[in-house]
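S.K.: Following this message is one structure expressed as structure tokens.
2 protein chains.
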Amino acid sequence: MTKNILSSLPAWRQLADHAKTLALPENHLKFLLKESGRLKKFSKKGAGLWLDFSRQRLDDKALHLLLELAEDRNIMGRFEQMMGGDHVNVTEDRAALHTACRSFSNKPVLNDGKDVMPEIRRIRNDIKSFSDDLIAGKITGPSGMPFRDVVVIGIGGSYLGAEFATTALQHQADKGIRMHFLSNVDIDNFGAIASKIVPETTLWIVISKTYTTAETTANTLQAVKYITSHGLDPKNHMVTVTSKGSPGDDPSNPVLKTFHMFDYIGGRYSVTSAVGGVPLSLYLGYDRFEAFLKGAEEMDIHAATTPAQENLPLLAALISVWNINFLEYPAQGLIPYSSPLSKLAAHVQQLSMESNGKSVTLDGEPVRVSCGSIIFGEPGTNAQHSFFQLAHQGRPFPIDFIGVLNPCYDQYNGLSQGVTNHQELWANLMAQAQALAVGKEEDPSPAKRFSGNRPSSTLVMDDLSPKNIGRLLAFYEARTVFEAFIWGINPFDQYGVELGKVMAGDIRKTMAEKNKNPDYRFDNRDEIQKFYLEMLFG
Amino acid sequence: MTKNILSSLPAWRQLADHAKTLALPENHLKFLLKESGRLKKFSKKGAGLWLDFSRQRLDDKALHLLLELAEDRNIMGRFEQMMGGDHVNVTEDRAALHTACRSFSNKPVLNDGKDVMPEIRRIRNDIKSFSDDLIAGKITGPSGMPFRDVVVIGIGGSYLGAEFATTALQHQADKGIRMHFLSNVDIDNFGAIASKIVPETTLWIVISKTYTTAETTANTLQAVKYITSHGLDPKNHMVTVTSKGSPGDDPSNPVLKTFHMFDYIGGRYSVTSAVGGVPLSLYLGYDRFEAFLKGAEEMDIHAATTPAQENLPLLAALISVWNINFLEYPAQGLIPYSSPLSKLAAHVQQLSMESNGKSVTLDGEPVRVSCGSIIFGEPGTNAQHSFFQLAHQGRPFPIDFIGVLNPCYDQYNGLSQGVTNHQELWANLMAQAQALAVGKEEDPSPAKRFSGNRPSSTLVMDDLSPKNIGRLLAFYEARTVFEAFIWGINPFDQYGVELGKVMAGDIRKTMAEKNKNPDYRFDNRDEIQKFYLEMLFG
């Protein structure tokens, strides 16, 4: 299928033509929005979320052509293949079965002919019993005092998703656990955490698929030194989440408990595996983690089975393609009007940019169209008082707004200017989408004119329940892979991070030489490296 | 001066031509970097920082033309005018005198003929005595117990800079104060903080120039309700940072202390005024705040007096212009290899995008060239495991790397693979800049090829001392205004945020009506607004 060059598909060529029509002044969003019934037509509900894309620079024809493109690229078929265990990660010749992590159906999911569900269920049970016992005080360190601090050692896909979900659900963190994320190899990340924890009642969770990630290895070593320097034994204070048989799953190096992860689940898609499951179950209790999984499962089923024109993540993916390839926006803002979603942008930034910031198609040919987009964001209303000046009057970029109908802390309901804080928040969410779209072209002062025509979507959820956070997570996962399926790229590999690793390894060796031999000179390095090395070694 | 249309200046036209030359394959960065002496030529030291721009896609001619452009636009002259109190904020007819906040010279700084330095010195003294007394336990609430939690209520420019500086300097926070930022009107921001503080020992700092910002007003009201609901009196638990005579500086509404701010200091440039001064002095002690000011002053003097070709923020501004206008990059990454600088990108995002995301020149003419850039970032090495896949193999964007030679927590110096964590961090910093620049075009697998030619600068500082954080802050402030002076725009107003505020105010009124009268219907709203309002009111 990817043999068909994307940009020569009839739908693609018609979309390119049609984008020119939509760029005409008479198709400014302020006019498109006058169409009666537009909201009804350009908004869809599914899996507990509601997506309003009425303020995208779209019309019926554009949407129709985008759906034709989705059909031509068989993206729902590819989603089904993904969920069914096909080796959709072609470069690494692997399945991508993150959806199996949250399957509660009785159907087998075959990976190379073997049903993965039994091991997935076993790990869920492991997580449940471990977290139940730890929370109940049955699992403790040798002091007998319950664990109070949990430090998660992991980076990238072993970190961002869990951080997003713990931040989003902190209002339900009633298990007496303080969560810390030790991701960066920067010793100041370690030092800041070490200054806050009590060694006797701290549990360290080391998350690394291969157990060879340089950052995680270095931080684990610091943790072991820290634990032993306090007269404690790492085997009583550490758990690992890693592949079967990795150095983190080695009986000669015992830990409190090891949870397995599998090569068919990529890092940035792994929040619903043990990677997110162990920290989230300790922080929130297993039941809430299971509700989170069930929300994600519901979205997976929606994405897999809902006709394209009603399919939320699929429509969102088509809108991305429209904005990136035809309207040529290089970036996308992600603005949740909800403080607890403050880490969503960082998670989706990884999910999307690492998945789809690619240069070759599945066939190894150069991608001939733009793919991937810069994703960034902060919560509203904060963002309004930060970079929205540029969003309104500078370089335009499309925005995903997110609204949450019911806040976590509705007991604080005092009125300011006649409205609650939550209503004020919503007034702003509504106003921003509108102001960006319609603008205000007439004002005596040129500095006070707004060109408008700046597109956005709004995704609405009922509240920040674990189930809704699971739905939201799976929505962005599905959107990401649908985009990739349109572009014909592999959203599951990340070879682009390798070159820097190799070069860092080479520099590390030189540094290690110097540590061993203070007389070592950096004469075999190029001019720039030599300068930096001498500066660092003083 | 701005009457000269920027894009018709000879230097501009020559730069546009020269960019085509630099785009030729033989001018790929991997070849430019082979030039001996390049680092020496394309790196500069000043005000305690070192800027390496050897990996920008620049050559002598480009730099020469950029410096000619700086000369043509008289940007150093404009910087001097700014520091001297000229009304460089033309649309609001005001001076922009943030540099006066950190002046320790005896020279007067005239604003409309009046020396502002006496009032600036008075406020510094106010901050010093208040923070000294509070830290010493001489100022307490009625319980007599020292204040332990400080909640800063403020948004945008009354928030991001202080958050950046407190995060960067948290390793020196030895005054027993926990700092909380209540910025978002989202009640979940309030609720999360309320769940962590002890009312009797909490001090609330309300920061608002006009004291009419909707978010801050609403949050202050919640704070007052919270304080009184615990049987306490707000006048014993609140301080204000606001303009003389504002509703926050009203003797009939007494508070513990009021600190003044002035209309000649814009929000996003106000960290070195009482806006940052009060929180930072409580968190770190006044002396460290003063060291922070002195670092900023040093950078101001460097920016104002150093010849253009040696002037760090000026060179950085020229590089921005080169990258944005001639190489046409729409975004810039800001990647500090230092965890405590995790909030730098959010601060500079506001500083830069709110200042320079403009559509009109000082003369009110449309800006004919791109101005402003999307700024985003996360600390390295985290960013490597997140969005650097796209940085290496997807859509290219220039990056500012930041390196810190000495970490805060150097007592944790265990070796992993022969190097300390800090050395590992530096190996990665060095490797990323190099990998992005040179790439790797030969590999049997197309997915493992890197096109390279991706530019970056690296800014190096000795350590995270208050002085260096002040220098860094002022570096980005000066870079921002130098950019604006090139583009001929006003970096001190923000009319782009007004339209959304007006529309939100209109929606708020409707909501307030509905709160008063449950039978109120939203029939006078458009279709979309009506739908959202009905959804919210259930």
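Going line by line, the protein sequences match chains E and L. For the first sequence, counting from 1, position 158 maps to 158 in our numbering; every step adds exactly one. For the second sequence, counting from 1, position 149 maps to 149 in our numbering; every step adds exactly one. All residues carry an ideal CB built from backbone N, CA and C; glycine is no exception.
1. What's the C-alpha gap between N524 (chain E) and F53 (chain L)?
2. Go to H260 (chain L), then tell me how far its beta strand (DSSP E) extends in each direction, as first and last residue.
3. If you follow the alpha helix (DSSP H) that Q222 (chain E) is in, where does it begin and where does it stop?
4. By Cβ distance below 6 angstroms, which residues in the same chain neighbour K34 (chain L) in space, the five residues on each side in sequence not counted?
5. Can you check whether the C-beta of Q14 (chain L) is within less than 8 angstroms of a C-beta belonging to chain E?
6. With 16 as the cutoff for other CB atoms within 10 Å, does S229 (chain L) come out buried or exposed?
7. Does the beta-carbon of M1 (chain E) have 16 or more other beta-carbons within 10 angstroms, so that it is buried, or is it exposed?
8. Residues of chain E with CB closer than 7 angstroms to the CB of I528 (chain L), please, in chain order.
9. Is there at least one Cβ from chain L nearer than 8 angstroms to N382 (chain E)'s Cβ?
10. Please report the distance separating the alpha-carbon of K530 (chain E) from that of Y226 (chain L).
11. Using beta-carbon positions only, say whether Y476 (chain L) and L351 (chain L) come within less than 8 angstroms of one another.
12. Mind pulling the chain E residues with CB within less than 9 angstroms of V278 (chain L)?
13. Any beta carbon from chain L within less than 8 angstroms of T2 (chain E)'s own beta carbon?
14. Check whether the Cβ atoms of V497 (chain E) and Q14 (chain L) lie closer than 8 angstroms to each other.
15. Please list the terminal residues of the continuous beta strand (DSSP E) segment that includes V239 (chain E).
16. When the distance is taken between beta carbons, is S103 (chain L) closer than 8 angstroms to E354 (chain E)?
17. Does chain L have any CB closer than 8 angstroms to the CB of E424 (chain E)?
18. So which residues of chain L does N515 (chain E) contact, with C-beta pairs closer than 9 angstroms?
19. Give the C-beta separation of R268 (chain E) and Q417 (chain L) to the nearest angstrom, bearing in mind that I take them to be a contact with Cβ-Cβ under 8 angstroms.
20. S506 (chain L) by DSSP, collapsed to three states: which one?
21. Could you compute how far the alpha carbon of G505 (chain E) sits from the alpha carbon of R122 (chain E)?
22. Nearest by alpha-carbon distance to A346 (chain L): which of E:L318, E:F388, E:V185 and E:E80 is it?
23. For the putative contact between N219 (chain L) and F190 (chain L), defined by C-beta atoms under 8 angstroms, what is the C-beta separation to the nearest angstrom?
24. As a quick exercise: from E:A192, E:P108 and E:Q332, pick the residue whose alpha carbon is nearest that of S456 (chain E).
25. Please state whether DSSP places D126 (chain L) in a helix, a strand or coil.
26. I'd like to know whether the C-beta atoms of I5 (chain L) and F482 (chain L) end up nearer to each other than 8 angstroms.
27. Could you tell me whether the Cβ of I155 (chain L) comes closer than 8 angstroms to any Cβ of chain E?
28. So what's H347 (chain E) in DSSP terms, helix, strand or just coil?
29. Interface residues of chain L around F190 (chain E) at Cβ under 8 angstroms?
30. Give me the chain L residues within the contact set of L405 (chain E), using Cβ-Cβ distance strictly less than 9 angstroms, ordered along the chain.
31. Rounded C-beta distance between E424 (chain E) and V185 (chain L)? I'm assuming under 8 angstroms.
32. Which residue's Cα is closest to the Cα of H302 (chain L): L:N27, L:L9, L:K45 and L:K40?
33. With a cut-off of 8 angstroms, do at least 3 Cβ pairs link the region 423-438 of chain L to the region 363-381 of chain L?
34. Please go through the same chain and pick out, in chain order, the residues whose beta-carbon is closer than 8 angstroms to the beta-carbon of V419 (chain L), but skip the five residues on each side of it.
35. Could you check if A23 (chain E) is buried or exposed, using at least 16 other CB atoms within 10 Å of its CB as the buried criterion?
36. Starting from the N-terminal side, write out each stretch of the beta strand (DSSP E) that is 3 residues or longer and does not extend beyond the region 369-426 of chain L.
M.R.: Put simply:
1. Taking the first sequence and counting its residues from 1, the one referred to as residue 524 (chain E) is at position 524. Taking the second sequence and counting its residues from 1, the one referred to as residue 53 (chain L) is at position 53. Rounded to whole angstroms, N524 (chain E) to F53 (chain L) spans 23 angstroms at the Cα level.
2. In the second sequence, counting from the first residue as 1, residue 260 (chain L) sits at position 260. H260 (chain L) -> beta strand (DSSP E) spans K257 to M261.
3. Stepping through the first sequence from its first residue, residue 222 (chain E) is reached at position 222. Element bounds for Q222 (chain E): A214 to S229.
4. As a working mapping, residue 34 (chain L) is identified with position 34 in the second sequence. Excluding positions up to five away in sequence, the list is empty.
5. Taking the first residue of the second sequence as 1, we reach residue 14 (chain L) at position 14. Taking Cβ atoms only, chain E never reaches closer than 8 angstroms to Q14 (chain L), which makes this a no.
6. One-based indexing of the second sequence puts residue 229 (chain L) at position 229. Its Cβ having fewer than 16 others within 10 Å, S229 (chain L) is exposed.
7. The residue you call residue 1 (chain E) lines up with position 1 of the first sequence. Confidence is the limiting factor: at M1 (chain E) the pLDDT is only 44, short of 50, which leaves the residue's position unreliable and the question unanswerable from this model.
8. On the second sequence, residue 528 (chain L) is found 528 positions in, with the first residue counted as 1. L39 and S54, listed in chain order.
9. Position 382 of the first sequence, counted from the start, is the residue given in the question as residue 382 (chain E). Yes, its Cβ sits closer than 8 angstroms to a Cβ of chain L.
10. Within the first sequence, residue 530 (chain E) is the residue found at index 530, counting from 1. Within the second sequence, residue 226 (chain L) is the residue found at index 226, counting from 1. The straight-line gap from Cα to Cα measures roughly 58 angstroms.
11. The sequence position of residue 476 (chain L) within the second sequence is 476, counting from 1. The sequence position of residue 351 (chain L) within the second sequence is 351, counting from 1. Yes.
12. Taking the first residue of the second sequence as position 1, residue 278 (chain L) is located at position 278. What V278 (chain L) touches in chain E: nothing, since even the nearest Cβ is about 19 angstroms away.
13. Within the first sequence, the letter at position 2 stands for residue 2 (chain E). With a pLDDT of 44 at T2 (chain E), under the threshold of 50, the modelled position of this residue cannot be trusted, and the question is left open.
14. Your numbering for residue 497 (chain E) matches position 497 in the first sequence. Your numbering for residue 14 (chain L) matches position 14 in the second sequence. No. Outside cutoff.
15. The sequence position of residue 239 (chain E) within the first sequence is 239, counting from 1. That run of the beta strand (DSSP E) goes M238 to S243.
16. Locating residue 354 (chain E) in the first sequence gives position 354, where the first residue counts as 1. Locating residue 103 (chain L) in the second sequence gives position 103, where the first residue counts as 1. Contact flag unset, no.
17. Looking up residue 424 (chain E) in the first sequence gives position 424. Judged by the 8 angstroms Cβ criterion, E424 (chain E) is in contact with chain L.
18. Taking the first sequence and counting its residues from 1, the one referred to as residue 515 (chain E) is at position 515. Neighbours of N515 (chain E) on chain L, chain order: L415, G418, V419, T420 and Q423.
19. The residue labelled residue 268 (chain E) in the question sits at position 268 within the first sequence. The residue labelled residue 417 (chain L) in the question sits at position 417 within the second sequence. Not really, about 25 angstroms apart at Cβ, beyond 8 angstroms.
20. Here residue 506 (chain L) refers to the residue found at position 506 when the second sequence is read from its first residue. Checking the sequence, you will find Asp at residue 506 (chain L) rather than Ser. If DSSP states are grouped into helix, strand and coil, D506 (chain L) belongs with the helices.
21. Taking the first residue of the first sequence as 1, we reach residue 505 (chain E) at position 505. Taking the first residue of the first sequence as 1, we reach residue 122 (chain E) at position 122. Between G505 (chain E) and R122 (chain E), the C-alpha separation is close to 37 angstroms.
22. The residue you call residue 346 (chain L) lines up with position 346 of the second sequence. It is E:F388.
23. Within the second sequence, residue 219 (chain L) is the residue found at index 219, counting from 1. Within the second sequence, residue 190 (chain L) is the residue found at index 190, counting from 1. 6 angstroms between Cβ atoms; contact.
24. Numbered from its first residue, the first sequence carries residue 456 (chain E) at position 456. Checking every option, the nearest Cα to that of S456 (chain E) belongs to E:Q332.
25. Looking up residue 126 (chain L) in the second sequence gives position 126. D126 (chain L) falls in the helix class under three-state DSSP.
26. For the purposes of this step, residue 5 (chain L) is taken as the residue at position 5 of the second sequence. For the purposes of this step, residue 482 (chain L) is taken as the residue at position 482 of the second sequence. No; because the gap between Cβ atoms is not below 8 angstroms, this pair is not in contact.
27. One-based indexing of the second sequence puts residue 155 (chain L) at position 155. Closer than 8 angstroms to some Cβ of chain E, the Cβ of I155 (chain L) qualifies, so yes.
28. Position 347 of the first sequence, counting from 1, holds the residue named residue 347 (chain E). Looking at H347 (chain E) - three-state DSSP - the assignment turns out to be helix.
29. Start at 1 with the first residue of the first sequence, and residue 190 (chain E) comes out as number 190. Those are Y409, Y412 and N421, listed as they occur along chain L.
30. Your numbering for residue 405 (chain E) matches position 405 in the first sequence. The contacting residues are M535, L536 and G538.
31. Start at 1 with the first residue of the first sequence, and residue 424 (chain E) comes out as number 424. Start at 1 with the first residue of the second sequence, and residue 185 (chain L) comes out as number 185. The pair is a contact, with the Cβ atoms about 5 angstroms apart (cut-off 8 angstroms).
32. On the second sequence, residue 302 (chain L) is found 302 positions in, with the first residue counted as 1. The residue with the shortest Cα to Cα distance from H302 (chain L) is L:K45.
33. yes
34. In the second sequence, residue 419 (chain L) corresponds to position 419, counting from 1. Closer than 8 angstroms at Cβ, skipping near neighbours: A427.
35. For the purposes of this step, residue 23 (chain E) is taken as the residue at position 23 of the first sequence. Looking at its Cβ environment, which holds fewer than 16 other Cβ atoms inside 10 Å, A23 (chain E) is exposed.
36. 374-376 and 399-404
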